[in-house]
Amino acid sequence: MPLSPAAGQALRRWEATVRPRYPDLDPRLLRPDFCFPLPRGRYRLDRDTFGDPRHWTPSGPRPRPHQGNDLLAARGTPVRSVGPGRVLARGWSPYGGWFILVELAGTGYAAYYSHLDRYAPEVRVGQRVREGQVLGYVGNTGYGPPGTRGKFWPHLHFELRRQGGHPGPVNPYPYLRYWEALAAAEGDD
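No gaps in the numbering here: position 140 of the sequence shown is 160 in this note's numbering, and each next residue is one more.
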């Protein structure tokens, strides 16, 4: 599908300002059919926090690297699947609270959405999801046993995890900015 002139201009800005700082991006995630995980105008993504120190662990304070980026948003803001895929897991993590993990079709990656307030009622493990489908809602759960909430401001913690031969987290920030540029150019909500 050809891009609109506005989308083309937004991507040229992204190429000039974001891409130079992240030279090894995977083109499988730079897809115009992917979307930003939160509605336009309803979040704040101030900076790249991937790798920043975090100190909370279930067994007490201990430094660990932040494995994603935090998008500040009001509690209850819809959280959308960035691309088509399949729900691999959902449940509670002491770190991330209520979470959903979605395998992104044809990319070799999974997207992890956490600190959710609640899930969209129709989202189940094994279910196929489409780009833009609501998975859950922004919250402030985590940093404790199931049901813990309120230890930080509501936000979406978003990760990209490489699957297969070299699994692990990858910095989602440049991809988030790419999808954000597309959404702004196309007027997606």
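In this text, a Cβ means the ideal position worked out from N, Cα and C, and glycines have one as well.
Owing to the predicted nature of the structure, the values given are computational and were not obtained by experimental measurement.
- T161 is a Cβ neighbour of L136, given a cutoff of 8 Å.
- Taking a cut-off of 8 Å for Cβ pairs, the segment 110-125 and the segment 32-47 do not touch, as fewer than three such pairs fall below it.
- Put simply, the backbone Cα of R106 is about 32 Å away from that of P25.
- With contacts defined as CB atoms closer than 8 Å, Y163 and P57 fail to qualify as a contacting pair.
- Under the three-state reduction of DSSP output, Y193 falls in the helix class.
- Where P47 is concerned, there is no enclosing alpha helix (DSSP H), because DSSP gives it neither an H nor an E.
- Scanning the segment 120-187 for uninterrupted alpha helix (DSSP H) segments of 4 residues or longer gives nothing; none is fully contained.
- In the structure shown, the three-state DSSP call for L58 is coil.
- Note that the C-beta distance between E151 and V102 is below 8 Å.
- As far as DSSP is concerned, P43 takes part in no beta bridge.
- The shortest C-alpha to C-alpha distance from G71 to any of P114, R39, P83, L45 is the one to P83.
- A check of alpha carbon separations from A130 across V154, L196, P189 identifies P189 as the nearest.
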